[in-house]
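**Q** This is the structure, below, for whatever I ask next.
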Amino acid sequence: GAGVSQTPSNKVTEKGKYVELRCDPISGHTALYWYRQSLGQGPEFLIYFQGTGAADDSGLPNDRFFAVRPEGSVSTLKIQRTERGDSAVYLCASSLPVLGSQFFGPGTRLTVL
Amino acid sequence: DAKTTQPPSMDCAEGRAANLPCNHSTISGNEYVYWYRQIHSQGPQYIIHGLKNNETNEMASLIITEDRKSSTLILPHATLRDTAVYYCIVAIGGATNKLIFGTGTLLAVQP
């Protein structure tokens, strides 16, 4: 596809459950980012991948959050033992190595009941 | 914390120029000024960025003061579709830049 895609677009889960959110970056973009956005706030950085490795995971709030990018393309954000406070829109972005203007996907809206 | 200060909201008449200010008085010499916007229920969209020179593209112009402590994003002929939250961000250039978003400016273009 032409842009960054994210699936699912909406996810409703119960407190304590495990969820996986998927991001397909633009083809050829080696850098991939995850952000999350709470209502009325700007996006908050979570983690950045360069290729397959997490180059900066300083934004992950705690060890319930984990992300992988095993082949350097698709990435999965994994959240264990979800809490109501995890409810937010999770955004993925990708960029080229040079002049890294980031291209964002439409986001996954996660609701934890 | 965000390194920029923006007004929380602005109005602009359709067809007129929209001038969105941003203060970034603590910007470092190797940091660029980036502008993104977010239309309701969509992901942020890159608009433009610059280091110290003024920049123009098909979407907007970016004016950076000589001391680099502030900048202005100019949408030359605003349309209703330009209604969005506009974020001014300072970040080191290149693919390693994690973007630190503030709360941005909600620009409402009025018919």
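Line by line, the protein sequences give chains A and B. So the number in my numbering is just where the residue sits in the first sequence, counting from 1, plus 5. Each step along the second sequence adds one to the number in my numbering, with nothing skipped, and position 41 is 37. Every residue gets a Cβ at the ideal spot worked out from N, C-alpha and C, and that includes glycine.
#1: Measuring only the C-alpha atoms, how far is A/LEU101 from B/SER24?
#2: Could you name the residues of the region 40 to 66 of chain B whose beta carbon sits closer than 8 Å to any beta carbon of chain C, in the order they occur along the chain?
#3: For A/ASP62, list the residues DSSP reports as bridge partners.
#4: Is A/LEU26 closer than 8 Å to A/LEU65 when the C-beta atoms are compared?
#5: B/LYS94: buried (16+ other C-beta within 10 angstroms of its C-beta) or exposed?
#6: Report the neighbours of A/GLN107 on chain B: residues whose CB is nearer than 7 Å to its CB, in chain order.
#7: Under 8 Å, Cβ to Cβ, is there at least one residue of chain B near A/PHE54?
#8: Counting pairs of Cβ atoms below 8 Å between the region 58 to 77 of chain B and the region 13 to 30 of chain A, do you hit three or more?
#9: Could you say if the region -2 to 7 of chain B and the region 42 to 55 of chain B meet the contact criterion of at least three C-beta pairs nearer than 8 Å?
#10: Using 8 Å for Cβ pairs, my map puts A/LYS20 next to A/THR113. What's the rounded Cβ distance?
#11: What is the DSSP secondary structure of A/GLY112, reduced to helix, strand or coil?
**A** A quick look at the data gives this:
#1: 23 Å
#2: Here chain C cannot be found, since the structure's protein chains are A and B.
#3: Answer by DSSP bridge pairing: none, since A/ASP62 is not bridged.
#4: no
#5: buried
#6: TYR42 and LEU95
#7: no
#8: no
#9: no
#10: Actually they do not touch by this definition, with Cβ atoms about 18 Å apart.
#11: coil
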